[in-house]
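Sequences listed follow chains A, B and C, in order.
Residue numbers for the first sequence, in our numbering: 517 to 705.
Residue numbers for the second sequence, in our numbering: 201 to 470.
Residue numbers for the third sequence, in our numbering: 8 to 418.
Heads up, the beta-carbon is just placed ideally off N, CA and C, and yes, glycines get one too.
Since the structure is predicted, the reported quantities are computational estimates derived from the model, not experimental observations.
What follows is a set of notes on a single structure, which appears directly below.
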Amino acid sequence: MTAATADDATRRDFLYVASGAMGAVGVAAVAWPFIDQMNPSSAALALSSVEVPLDSIQVGQGITVKWRGQPLFVRRRTPAEIAESKAVDVAALPDPLARNLNIADTAPATDADRVIKPEWLVLKGVCTHLGCTPTISTPAAPEGEYGGWLCHCHGSQYDTAGRIRKGPAPQNLEVPPYAFLSDTRIKVG
Amino acid sequence: MKHFPLRLALGLSLAFGVSTAALAQAADNSHRLPPKKEEFSFEGPFGTYDRGALQRGFQVYKEVCGACHALQHVAFHNLAERGGPGFTEAQAKGIAAGYKIPAEPNDKGETTDDKGERLTRPGILADYFPSPFPNENAARANNGGALPPDLSMIIKAREAGPNYVYSILTGFHQTPPHGFAVTKDKYYNPYFEGRNIGMPPPLQANSVTYNDGTKATVEQEAHDVVTFLAWASEPKMEERKQMGFSVLIFLIAFAGVLFAAKKKLWADVH
Amino acid sequence: MSGPSTYTPKSGIEKWLDQRLPLPRLMHDTIHTFPTPKNLNWWYVFGGILTFCLVTQIVTGIVLAMHYKPDATLAFGSVEKIMREVNYGWLIRYIHANGASMFFLAVYIHMFRGLYYGSYKAPRELIWIIGVLIYVLMTATAFFGYVLPWGQMSFWGATVITNFFTAIPLIGTHIATWLWGDFAVGDATLNRFFSLHYLLPFVIAGVVGLHIWALHVPGNNNPLGIDVKSPQDTVPFHPYYTVKDAFGLVVFLIFFALFVFYAPEFFGNPDNAIEANPLVTPPEIVPEWYLLPFYAILRSIPNKLLGVIALGAAILILAFIPWLDTSRVRSCRFRPTMKWLFWFFAIDCVILGYCGSQPVDAAIAGISLVWIARAGALYYFGFFFPIMPLVGIFETPKPLPASISQPVLGE
């Protein structure tokens, strides 16, 4: 047998490298569908936004709607609740940021930055401590000291703009992305 | 090799036997005719769904077939997805809103109104096409005891699906052969096994008025609705064929490189 | 041949591992340096292809199980959701379904290769028997898997096959009820079939490990059927056979891809696109193609119990081949009579498969397929007994070459 020439060796190495490279590309291309299949399916994505009609909600009332598998609070605030919220000193709040996904991350937690229209408060009803659903305070059945929500799991208290005032929760209740389709209808998500 | 002619002979006699058997079957009047051969844009390795046919076919389903046939595995948001009829999300939303979906129990826990009618709400993108009947018994009661099958997968559920369904839809109004007895309350269709079908002829000329102005002959309507139903059975067909092309090109190239590597490597062994 | 290991760990990590769990040594000895006959032809790439098929089925299966719902009211719909809504769900499902057919195609080629070259003969009998066990496990896995989509053919195929057990006298019906978990195939059956379908592939993987281990004791057979006489007869497995197997695999993948992307329903039955209905039997109940020859043998015998016994015997007789074949020569290359009979057997399996695919009352050129199937079954069993033992005794084999390296005598 004749020994392989240097030329043969380089050609063989090239073929090995080429095979290995193509194999790696193939494996990566095959891997993607197997990873992506765990992402939300098109059925889950179709439920990623919900439209909420507002016409049946009276002043001082709110509803809870399921959105992306979690509760969504939609509340029609009284003028007193709005005024109470505006009077709060934002700098003294446990969480001074707005946590409003419709505006910049750095926006402060002023009442204006927690809503689009002052009368309508739209919040994700998930306590920012460990995920329980807080209970709304009503004149008939007050919950907590701030006229907003009280989370019965560990005692977090939120005010009339859903901002954390007392208790272990680190952040204000999240304001999800939403928009007014009309005066009586919002689309969330 | 010596045994080749033997295998060839066996193969040929098998083919001959099978074809005579098939023809013998069709000649017997109770067995169905083989389906007509209609050409569809989605056939073949590079086939795609004709968007116009899909939208016209959807119109035929909506206005004619949907009165009796469900499409339970198709969701309204599928209408706006790639490889489908090509409606925009807004259009699909509008189509969904035109359908009545059984509503969740109201605050009083009721699911029906004072007249006993099911409470409904307008459809949203996430909903599936609702069935025209609340259950199988209601479907049968409204159709002379026959159950109109769900159409989501009808093209896959029948041999030679597109041609078969097309033949059924265009196979009515034929004269039965002499001596053939058409069962009461059934209709003669030679493309249906037994030739007595429970479905009355669903399509007439101008059963629908096409939005794009195409002339609505029975053949056109049948062609379009079969295209739509083929999409309903296989919404991912275009993606599948496109991916197949890329995959095959890659594999053929890869095979070439590996073959060269093998040959080079083994050269010093042989 | 398994001899002393030639592995020397080089890096620190390799040395550390080698003293605690010598996996690199195992890889080195079995895949890297393993001396393999240098004359293996392309029929030998199917072992590697089969390993790939098993891994593919397990990976796609586990991913499908993330979305599939094994409940009689939800199963069919969940498969449709996979096809329509799960990202790339259609691709994973089609790979899994067509992968099963590819798996059986590869295993049949692999088995026929073993038959032709006498790879089942001493000292490799146990490799063959373990292989038969793998085949039986594959058949069971495929049967359970086909039921899961809960289409008409899933349901009625399950009904027919589980009804085989009712053929057993006295206890048959009790066994069937125990298998069903109910008075007929239903939700209870579906759930347990899902559990077993998930379990068996891992059992197969373990048995494949034994299969390869048993192979590595004597080493591979080869197309000449003669033993390796010196190291010149062999080449190291890597890179010679790793590269050759890789090429074979990619060609196989081209074939596989043609089905997945361009004819994904080719091996399927349209009736399985209809949800299972216990009150309506499809006009023809047909198993998947890879079970058709056995289906034909079953139907060719008019007695229920004997038909089931024939079906079982048709598979189990494979395990006895190492002793049924009396020839001192391994490879059919040097067995002129056996070579013809082998090809007749292969054609017979295809004919039986065709018979199994047709309705019971079908006929060709006036001859009922039942009689063709009976003739086919007769030759099927006859090939193993008495043909194998008799031909081994009376055949005059061609002279064998001196060695693999010097196949021409007197070179």
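Environment of residue i [buried if 16+ CB atoms lie within 10 Å]
i: Val267 (chain C); result: buried
i: Asn411 (chain B); result: exposed
i: Pro655 (chain A); result: exposed
i: Leu299 (chain C); result: buried
i: Gln255 (chain B); result: buried
i: Gln26 (chain C); result: exposed
i: Asp424 (chain B); result: buried
i: Arg318 (chain B); result: exposed
i: His378 (chain B); result: exposed
i: Ala15 (chain C); result: Going by the sequence as given, residue 15 (chain C) is Thr instead of Ala. Exposed, by the Cβ-count rule.
i: Ile295 (chain B); result: buried
i: Asn229 (chain B); result: exposed
i: Asp313 (chain B); result: exposed
i: Ala453 (chain B); result: exposed
i: Arg282 (chain B); result: exposed
Assumed close pair residue i, residue j - CB separation to whole angstroms, cut-off 8 Å
i: Pro692 (chain A); j: Lys640 (chain A); result: 5 Å
i: Pro435 (chain B); j: Gly284 (chain B); result: 6 Å
i: Glu238 (chain B); j: Tyr391 (chain B); result: Rounded, the Cβ-Cβ distance is 12 Å, inconsistent with contact.
i: Leu197 (chain C); j: Ala280 (chain C); result: About 18 Å separates the two Cβ atoms, so there is no contact after all.
i: Pro230 (chain C); j: Asn46 (chain C); result: 6 Å
i: Glu295 (chain C); j: Met345 (chain C); result: So it is not a contact: roughly 31 Å between Cβ atoms.
i: Val143 (chain C); j: Ile322 (chain C); result: 6 Å
i: Thr173 (chain C); j: Leu186 (chain C); result: That belief does not hold up - the Cβ atoms of Thr173 (chain C) and Leu186 (chain C) are roughly 10 Å apart, past 8 Å.
Backbone CA spacing between residue i and residue j [nearest angstrom]
i: Leu207 (chain C); j: Gly255 (chain C); result: 27 Å
i: Gln225 (chain B); j: Ala303 (chain C); result: Its pLDDT being 49, under 50, Gln225 (chain B) is placed unreliably in this model, and the value from its coordinates should be taken loosely. Going by the C-alpha atoms only, they are around 22 Å apart.
i: Ser241 (chain B); j: Met437 (chain B); result: 12 Å
i: Ala657 (chain A); j: Leu271 (chain B); result: 48 Å
i: Asp524 (chain A); j: Lys463 (chain B); result: 12 Å
i: Ile374 (chain C); j: Ser364 (chain C); result: 16 Å
i: Pro686 (chain A); j: Asp675 (chain A); result: 14 Å
i: Ile371 (chain C); j: Gly360 (chain C); result: 15 Å
i: Lys582 (chain A); j: Leu588 (chain A); result: 6 Å
i: Arg251 (chain B); j: Lys236 (chain B); result: 23 Å
i: Val568 (chain A); j: Met90 (chain C); result: 31 Å
i: Glu659 (chain A); j: His670 (chain A); result: 13 Å
i: Gly257 (chain B); j: Phe428 (chain B); result: 5 Å
i: Leu423 (chain C); j: Phe262 (chain C); result: Given that chain C is displayed from residue 8 to residue 418, the structure contains no residue 423 (chain C) and the question cannot be resolved.
i: Tyr123 (chain C); j: Ala467 (chain B); result: 27 Å
i: Val575 (chain A); j: Ala695 (chain A); result: 20 Å
i: Leu403 (chain B); j: Ser352 (chain B); result: 19 Å
i: Phe329 (chain B); j: Asp355 (chain C); result: 50 Å
i: Ala290 (chain B); j: Ile324 (chain B); result: 11 Å
i: Gly413 (chain B); j: Asn406 (chain B); result: 11 Å
i: Asn555 (chain A); j: Glu92 (chain C); result: 11 Å
i: Leu609 (chain A); j: Arg615 (chain A); result: 13 Å
i: Leu451 (chain B); j: Ala461 (chain B); result: 15 Å
i: Val377 (chain C); j: Ala320 (chain C); result: 19 Å
i: Lys88 (chain C); j: Ala346 (chain B); result: 28 Å
i: Ala537 (chain A); j: Phe341 (chain C); result: 43 Å
For residue i, three-class secondary structure by DSSP
i: Val704 (chain A); result: strand
i: Val192 (chain C); result: coil
i: Ala275 (chain B); result: strand
i: Asn396 (chain B); result: strand
i: Pro302 (chain B); result: strand
i: Trp665 (chain A); result: strand
i: Ala226 (chain B); result: Residue placement at Ala226 (chain B) is poorly supported in this model, since its pLDDT is 48, which falls under 50; the coordinates still yield a value, given next. DSSP places Ala226 (chain B) in helix when its eight states are reduced to three.
i: Thr173 (chain C); result: helix
i: Phe329 (chain B); result: coil
i: Lys88 (chain C); result: helix
i: Glu291 (chain C); result: coil
i: Lys308 (chain B); result: coil
i: Asp675 (chain A); result: strand
i: Ala460 (chain B); result: helix
Subject >> Where the segment 78-104 of chain C meets chain A: residues whose CB sits under 8 Å from a CB there >> reply: Lys88, Arg91, Glu92, Val93, Asn94, Tyr95, Gly96, Leu98 and Ile99
Original post:
Just by C-beta distance, which residues in the segment 249-277 of chain B are closer than 9 Å to chain A?
Top reply: Ala275, Phe276 and His277
Original post:
For the segment 452-465 of chain B, which residues have a beta carbon sitting closer than 8 Å to at least one beta carbon of chain A?
Top reply: Going along the segment 452-465 of chain B in chain order, one finds Ala453, Phe454, Val457, Leu458, Ala460, Ala461, Lys464 and Leu465 with a Cβ nearer than 8 Å to chain A.
Original post:
If contact means a Cβ-Cβ distance below 7 Å, which residues of the segment 526-542 of chain A contact chain B?
Top reply: Listed by position, the residues of the segment 526-542 of chain A near chain B (Cβ gap below 7 Å) are Arg527, Arg528, Leu531, Tyr532, Ala534, Ser535, Met538 and Gly542.
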